[in-house]
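Just add 117 to wherever you are in the sequence shown, counting from 1, and you've got our numbering.
Note that CB positions come from ideal geometry on N, CA and C, so glycine has one too.
Remarks on the structure that follows.
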Amino acid sequence: MSIVTRFPPSPTGYLHIGGARTALFNFLLARKHGGRFILRIEDTDQARSTPEMTNAILEGMRWLGLTWDEGPYLQSERTAIYNEHVDKLLASGHAYYCDCSPEDVDAMRERARAAGLKPKYDGRCRERNLGPGPGRVVRFKTPQTGKIVFDDMVKGTIAWDVQELDDFIIRRADGSPIYQLAVVVDDALMGVTHVLRGDDHQSNTPKQILLYEALGYPLPRFGHVPMILGPDKKKLSKRHGAMSVMAYKEMGFLPEAMVNYLARLGWAHGDDEIFSLEELLEKFSVEGLGRSPSVFDIHKLTWVNSHYIKTSSPERLAPLVAELLTPILGCAPDEALVRQIVPLYQSRAKTLREMAEAAAFFFVPTVDLTYDAKAVATHLGPEARQHLEALRAALAKLPEFSVPALEAAVGAYLNAVGQPFKTIAQPLRVALTGGTVSPGLFETMAVLGKERVLERLQHAATLLPA
Ligand code: GLU
């Protein structure tokens, strides 16, 4: 049997961490077995769904590299199909019209609650044989006795007493289908064989199983993945930091780091932490999915990110860093220069944003360079300025600005004046970069190039002593 999985987000928000992880697991499950991965946009709730959010979700999926084989299907375009199924359920006696107002139903629930019972719709329209009419919803006639048992791919056997359920709505009064109905119809018609989703949907599964049975469709396998928690062990939410996947792009995370980290959030393969997509496809299995919630740890994600920054080629990183530099500089940077600076930061930067921010001094015109006032006061005193001036004269004679040539020239100068490297290291760094932190001085000078190094040394000499 070929495996067919799906990711069916509701476009009521961005692609968030939890959704992306669900999408990834489904993507891996299908692709590993040469199956199909379907993307379906569940936009039946027209009031809360927007095309902008659909686009944002697709953008997030593309960024992560979670390509889909089919879709995106839009549920809003499939109303006729859902109605056919509702009609079928009405005709077969599995569903009925109900004209109870939302207030009536609230009152029923309240009474049940007061009597210490489960708050449910009491089924009063079940046998009234109502036809269609304004304000009437369609409810599913839930069997009154029995158990629904299924073998969850993640959690093992799960059993529900049908008495836990009530006659749930499958079509709203405005004619739009309810999630429970639409999801079953779509999964069945699209041939979905495995439904892997967050365990916040676990309580929907018995209702959906009843609908599959009433419609005569074969059941898929269900699997419910435990939620993602914040460090305080509460459900991950905005309080814990950015939820949107694309916000992590903005923060300078690589998609491969994100995919690697999300995969490990609820799935394990021994003690291994680093997995390329190819390795994930090779090693992923539902057996590796954990039964307890996982905790989102930004430090670990950052660690994974720095691993990918270290091991990626500068060619791969340069355009991404350029994109992050653009808003910092107010214009697109010279890509060839970005390509040169990337290797200077790869071993130390935790995020591409950190890299872009730290490297901005390479790109700004000397006159616009921001000098840290404290660094100037500390390191550019009269003696340091004299050294820098003399060094500038020496460097001006250098025909070649390579790291060895610069090392030799600076070494010769220090020898001549009988000073150690540290006498000029920080003054030079402040003059060239505006601050006290930068990659190796000679590498920095080689990348800045002769013209800009001389220009900056001259400019630094004009800064007013603090
Ligand atoms: N549209 C639902 C959601 O976004 C899909 C749930 C499911 O996978 O069945 O939560």
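Check, Outcome
"Going by DSSP, what residue range makes up the beta strand (DSSP E) through Thr443?", "Careful: Thr443 lies outside any beta strand (DSSP E), inside the alpha helix (DSSP H) at Pro431 to Leu446."
"Which full runs of the beta strand (DSSP E) of 3+ residues lie inside the segment 133–169, going along the chain?", "153–158"
"Quick one, are the C-beta atoms of Met368 and Thr468 less than 8 Å apart?", "yes"
"Could you have a look at Asp268 and say whether DSSP puts it in helix, strand or coil?", "strand"
"What do you reckon, is the C-beta of Arg338 under 7 Å from a heavy atom of the ligand GLU?", "no"
"Rounded to the nearest angstrom, what separates Tyr214 and Leu382 at their Cα positions?", "44 Å"
"What does the shell around the ligand GLU hold, if a residue joins when its beta-carbon is under 6 Å from any heavy atom?", "Pro125, Pro126, Ser127, Glu159, Val300, Arg314 and His318"
"Are there 16 or more other CB atoms within 10 angstroms of the CB of Lys366, so buried, or fewer, so exposed?", "buried"
"Classify Gly552 as helix, strand or coil using the three-state DSSP reduction.", "coil"
"Determine the extent of the alpha helix (DSSP H) in which Phe559 is found, giving its start and end residues.", "Leu558 to Thr579"
"Are the CB atoms of Asn172 and Leu313 nearer to each other than 8 Å?", "no"
"In angstroms, rounded to a whole number, what distance separates the CA positions of Pro335 and Asp303?", "13 Å"
"Who are Gly315's beta bridge partners in DSSP?", "Val342"
"Helix, strand or coil for Val376 per DSSP?", "helix"
"Can you look up Arg304 in the DSSP assignment and give me helix, strand or coil?", "Here residue 304 is Asp; the residue named in the question, Arg, does not match the sequence. Helix, per DSSP."
"With a cut-off of 8 Å on the beta carbons, I'd call Ala331 and His211 a contact; round off their distance for me.", "4 Å"
"According to the Cβ coordinates, are Ile445 and Ala475 closer than 8 Å?", "no"
"Just verifying my parser: in three-state terms, what is the DSSP assignment at Arg123?", "strand"
"Whether or not the segment 119–133 and the segment 274–292 are in contact is what I'm after, with contact meaning three or more pairs of Cβ atoms, one per stretch, closer than 8 Å; do they touch?", "no"
"Leaving out five residues on either side along the sequence, give the residues of the same chain with a beta carbon under 8 Å from the beta carbon of Arg356.", "Gly347"
"Between Arg569 and Thr483, how many whole angstroms is the CB-CB distance? I'm expecting something under 8 Å.", "6 Å"
"Under a three-way DSSP split, which group does Glu194 fall into?", "helix"
"Under 8 Å between the Cβ atoms of Trp185 and Phe154?", "yes"
"State the beta-bridge partners of Asp278 as determined by DSSP.", "Lys264"
"For Pro128, count neighbouring C-beta atoms within 10 Å of its own C-beta (all shown protein chains included) and say buried if the count is 16 or more, exposed if not.", "buried"
"Taking the alpha carbon of Gly167 as the point to measure from, which residue in Gly182, Ser193 and Gly152 has its own alpha carbon closest?", "In the sequence under discussion, the amino acid at residue 167 is Thr, which differs from the Gly named in the question. Comparing Cα positions, the closest option is Ser193."
"Less than 8 Å between the beta carbons of Gln297 and Leu247, yes or no?", "no"
"Does the distance from the CB of Leu515 to the CB of Ala533 come in under 8 Å?", "no"
"Could you spell out where the beta strand (DSSP E) holding Val254 opens and where it closes?", "Val254 to Phe257"
"Evaluate Thr274 with the Cβ neighbour count: other Cβ atoms within 10 Å of its Cβ, from every protein chain shown; 16 or more gives buried, anything less gives exposed.", "exposed"
"Out of Gly315, Lys400 and Thr579, point me to the one whose CA is closest to Lys506's CA.", "Per the sequence shown, the amino acid found at residue 506 is Glu instead of Lys. Cα-wise, what sits closest to Glu506 is Thr579."
"Can we say the segment 419–434 touches the segment 451–463, given the rule of at least three CB pairs closer than 8 Å?", "yes"
"Could you check the C-alpha separation between Phe480 and Thr196 for me, to the nearest Å?", "55 Å"
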